[in-house]
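The listed protein sequences correspond, in order, to chains A and B. Counting from 1, position 126 in the first sequence corresponds to residue 420 in the numbering used here; the numbering is continuous, with no gaps. Counting from 1, position 25 in the second sequence corresponds to residue 1317 in the numbering used here; the numbering is continuous, with no gaps.
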Amino acid sequence: MLFSSVSFLYYFLPIVLITYLIVPNKLKNLVLFLSSLFFYFWGEPIYSLLMVGSALSGYLHGLLVEKLKNTKYAKVPLISALLISLGLLCFFKYSNFFLENINAFFRSDFALLKLSLPIGISFYTLQVISYVIDVYRGDAKVQTNFLSFATYVSLFPQLLAGPIVRYRTVQEEIDHRTHSMEDMALGVKRFLRGLFKKCILANTLALLAKTLQTEAELSVLSLWMISIAFTLQIYFDFSGYSDMAIGLGRFFGFHFMENFDFPYLSKSISEFWRRWHISLGTWFRDYIYIPLGGNRVSFPKWFRNILVVWFLTGFWHGASWNFIFWGLYFALFLLLEKLFLGKWLSRLPAFFCHIYVLFFINISFVLFNQDTLGAFGSFLKGMFGGASLPLTNAYTLYYVRSYLVLLLLSVFFATPGIYKLTALLQRNKVLANIYSWARLLVYPAILILVTASLVNGSFNPFLYFRF
Amino acid sequence: MSNKTAKIQQFLLVAGFLGILVGFLVANLFTPDQTISKSERRKLKTMPQFSTENLFSGQYFSEFEDYAMDQFVLRDSLRTVNAYMKYALLFQKDNNDIYVVNNRLYKMEYPLNEQAVDKAMEAYRKLIQNYFADTKAKIYYGVIPDKNYYAADSYGYLSLDYDLLYEKVQSQMKDYTYIELRDLLTREDYYYTDLHWDQQAILPVANRILETLQTGSALSFEDFSTVSLPNFRGSYYGQAALLVPQDTLTYFTNDIIENLTVYDYETRKEIPVYDASAVTGVDGYNVFLGGPKALLEIRNSNAKSDRQLVIIRDSFSSSLAPLLCTEYSSVILIDLRYLATDYIKNLIELEEDCDVLFLHNTLILNQYGIFK
């Protein structure tokens, strides 16, 4: 079930929120677990068992790790947990990628598996792994109650698209969280901001990119606009989902980590990755990069560590060479920035640093958005005038004009501009008072606009109507 | 801001949020489902059938989402909110390809589908070959420009390559007589909220056709009285979802028209030339000759001759045909969208020396494979 759907917003969510509010505290986890199971079952009926199985595996391995801690067998359950979790992830997500490459390399003819990717497996696998490792390291307490642990793994607000919540950050809140009107109000605001980003900005940007992708109407300008629209879309899509997750979590009394911090304001690629999908970046840092030695090793090993981490980061995003090269693309920039580019950039005016980041991030998302390396090459060639496309055409100009305000608004909302504006208002007592009440109208208005946009999703006119 | 005020605001925000969610949930659960959407002219989804197979394949939930969107309470009003968000907040130039200038709704049709035009001409040729190849029938053709033809350029919207479209039609029908219509119309000659032309504005079109067909008659306003039907919401009205004024549908009538009989070969029943009650129905334009019909015959017992006119047509001819009847004892209307060429002979016998008029609007010719 998607957050941006009528079924979620107007059937599932009100029932869950009201039930959650009226049941006594001791039943709240049960409500969350059952609703999360139903939420998952809605999108992946069969794979619900896989998700519960994965949670059970994490739970049992956590208990074993705790039991065998400080013995010579301590690593056995840890390795077993990793093998099972990564095995399931590899099987469901990467089997066909490996088979395709084996077939291509050895000219073999292994049949591909008829598997669909279980939604959210990339997220909940990392959560389960981090839990077992944290228990092994002593960074998290073992959870002895399966319901509590399964609630953590399956928690529907963050199940499908993160943020990747570490068990240790919510271990207290799983069993002993408090609920306050302030938290609920903050949660509602955050959820609605996310909904606005996803349904109004991201979805409309996606429509622009799709419209401009019309083969017969491509131009150099349209390719640039597609890439810019996609760069903005992916940010609002992803950060919108994170906002919704963080907001719903807050409503239920959880404090999830922040996942995006205005990444397009970065002045270097390294900074970009400190602001983009923070929960993933810190996961790879804490569970791959640092265990490999981080940067406190010889240059060749550090070089290897960077390559490994960014290879895996790319591969985590999807089972295709495009994603692997996308990860390695960032590895290249991070290496260059660490070696010399960072120093150069620090001497440049901020404007040029922003241009540098936005340009290369934009190119990276072209790679991310294409199915094959060949398609990426063709797209890039077209962007830089090498595909004999016209500079622009009537079709491109029409849609650029039509979506211009959306693009400008999107750029504005990709910066903290709105927060700066409201901070300005807060300086004046009267304006601050008006603003605080006006917000009570703005948020319901956002909900109505989003609803209007969702309901319009089924618009499907028939010019000639014959029963 | 005091702590108390902050708490009141927090409460109001949460209560408002939950109130909207629960309010719509309850309203959706207790409002009876609708069967059709008048604004989109389609059947709405109904509650999906539950079965274990549907449930575990995920199909049930997918169908439920479609159902939930279709049956959402205040759906049309919410579509209006969405339309204004696009026009007034995001300043988008169109919404679902519909644009509005001075309360007049237009639909962008773009690009020209050359294969569709070729395919349509193929259907024309097939019909001519099957029915009129070795007869004395005189064949004429014309192309009705859609409303966008008169608006797109001046208002900065996309449109078909009309020159190419007309050139393609004329080059493939060069053996027959072409009737130019573009110079006879303006954008004001079409309804505000509909794609069709207003019958009041097409006397020049009717006259040029009558003249080209050598009927020897010409029509003027004085020949008719008019009947006006308010509250006509054209097909673009629902699609646009904007609060624009409704149209008034006015039709011409006189003794000749009132004495015409219209036979519907599909239902094998007579139908009225004008059905005023249809104006507030799903498609108000169905006032004219009962709307989309595969095969109609208009019989005129007061005709000045025994001539027969066969019009291979779309809905634009529904309002035009009654005006052409004066000189013809029989006007056959064939809509190839609903009737296959090969099947026509099973239903009706066409006169050897009839006049044949191919008349479609550009929107139809631009849809690939629309003819059976």
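Every residue gets a Cβ at the ideal spot worked out from N, C-alpha and C, and that includes glycine.
| Asked | Found |
| --- | --- |
| Can you tell me whether residue 638 (chain A) is buried or exposed, with buried defined as 16 or more other CB within 10 angstroms of its CB? | exposed |
| Please report how far the alpha carbon of residue 661 (chain A) lies from the alpha carbon of residue 1655 (chain B), in whole angstroms. | 38 Å |
| Starting from the beta carbon of residue 1394 (chain B), find every residue of chain A whose beta carbon is closer than 8 Å, and list them in chain order. | None at all; the shortest Cβ gap to chain A is about 19 Å. |
| Using a Cβ-Cβ distance under 8 Å, would residue 746 (chain A) count as near chain B? | yes |
| Where does residue 1605 (chain B) fall in DSSP's three states? | strand |
| Please determine, among B:1547, B:1433, B:1455, B:1523, the residue with the shortest C-alpha to C-alpha distance to residue 1504 (chain B). | B:1433 |
| Can you say whether residue 1281 (chain B) is buried or exposed, counting buried as having 16 or more other CB atoms within 10 angstroms of its CB? | Given that chain B is displayed from residue 1293 to residue 1664, the structure contains no residue 1281 (chain B) and the question cannot be resolved. |
| Consult DSSP for residue 1436 (chain B) and reduce its assignment to one of helix, strand or coil. | strand |
| Considering only the alpha carbon of each residue, which of A:389, A:354, A:728 lies closest to residue 372 (chain A)? | A:354 |
| What residues from chain B crowd round residue 345 (chain A), counting only those whose CB sits closer than 7 Å? | The contacting residues do not exist; residue 345 (chain A) stays about 15 Å from chain B at best. |
| Could you check whether the Cβ of residue 336 (chain A) sits closer than 8 Å to any Cβ belonging to chain B? | yes |
| Quick one, which residues of the stretch 298-311 of chain A are near chain B if we go by CB-CB under 8 Å, in chain order? | 299, 300, 301, 303, 304, 305, 307, 308, 309, 311 |
| For the stretch 1294-1328 of chain B, list every residue whose C-beta sits within 7 Å of some C-beta in chain A, in sequence order. | 1299, 1301, 1302, 1303, 1304, 1305, 1306, 1308, 1309, 1310, 1312, 1313, 1314, 1316, 1317, 1320 |
| Kindly say whether residue 478 (chain A), judged by its beta-carbon, lies nearer than 8 Å to any beta-carbon of chain B. | yes |
| Alpha carbon to alpha carbon, what distance is there between residue 1552 (chain B) and residue 1516 (chain B)? | 14 Å |
| What residues in its chain sit with their C-beta under 6 Å from that of residue 1341 (chain B), if we drop five residues either side in the sequence? | none |
| Since residue 751 (chain A) meets chain B, which of its residues come closer than 8 Å, beta carbon to beta carbon? | 1361 |
| Tell me the residue span of the alpha helix (DSSP H) that contains residue 1540 (chain B). | Unbroken run through residue 1540 (chain B) is the beta strand (DSSP E), 1539-1545; no alpha helix (DSSP H). |
| Would residue 699 (chain A) and residue 1382 (chain B) be called neighbours here (beta carbons separated by less than 8 Å)? | yes |
| If you run the structure through DSSP and keep just helix, strand and coil, what is residue 1417 (chain B)? | helix |
| Strictly below 7 Å CB to CB, what residues from chain A border residue 1374 (chain B)? | 746, 747, 750 |
| Cα separation between residue 761 (chain A) and residue 684 (chain A)? | In this predicted model, residue 761 (chain A) has a pLDDT of only 39, less than 50, meaning its place in the structure is not dependable enough to derive any value. |
| Can you confirm whether residue 326 (chain A), when its beta carbon is compared against all beta carbons of chain B, has any partner nearer than 8 Å? | no |
| Between the stretch 1523-1540 of chain B and the stretch 1480-1496 of chain B, can you find at least three pairs of beta-carbon atoms closer than 8 Å? | yes |
| Can you tell which of A:351, A:319, A:517, A:333 has the C-alpha that lies nearest to the C-alpha of residue 682 (chain A)? | A:517 |
| Closer than 8 Å by beta-carbon distance: list the chain B residues that pair up with residue 475 (chain A), in chain order. | 1299, 1302, 1303, 1306 |
| Mind listing, in chain order, the continuous alpha helix (DSSP H) runs of no fewer than 4 residues lying wholly within the stretch 429-454 of chain A? | 440-448, 450-453 |
| At what residue ranges does the stretch 618-680 of chain A contain a whole run of the alpha helix (DSSP H), taking only runs of 4 or more? | 636-641, 644-663, 667-677 |
| Starting from the Cα of residue 441 (chain A), find the closest Cα among A:746, A:352, A:368, A:535 and give me that residue. | A:352 |
| So, with DSSP's three-state summary, where would you put residue 1399 (chain B)? | strand |
| Please confirm whether residue 708 (chain A) and residue 499 (chain A) have their CB atoms less than 8 Å apart. | no |
| How would you call residue 470 (chain A), buried or exposed, if buried means at least 16 neighbouring beta carbons within 10 angstroms? | exposed |
| Just checking: is the beta-carbon of residue 760 (chain A) within a distance shorter than 8 Å of some beta-carbon in chain B? | In this predicted model, residue 760 (chain A) has a pLDDT of only 40, less than 50, meaning its place in the structure is not dependable enough to derive any value. |
| Could you round the C-beta distance between residue 472 (chain A) and residue 543 (chain A) to whole angstroms and report it? I think they count as a contact, below 8 Å. | Between residue 543 (chain A) and residue 472 (chain A) the Cβ distance is about 14 Å, and since that is not below 8 Å, they are no contact. |
| One question on the structure: do residue 1357 (chain B) and residue 301 (chain A) come within less than 8 Å of each other, judged by their Cβ atoms? | yes |
| Give me the Cα-Cα distance between residue 1548 (chain B) and residue 738 (chain A), rounded to the nearest whole angstrom. | 60 Å |
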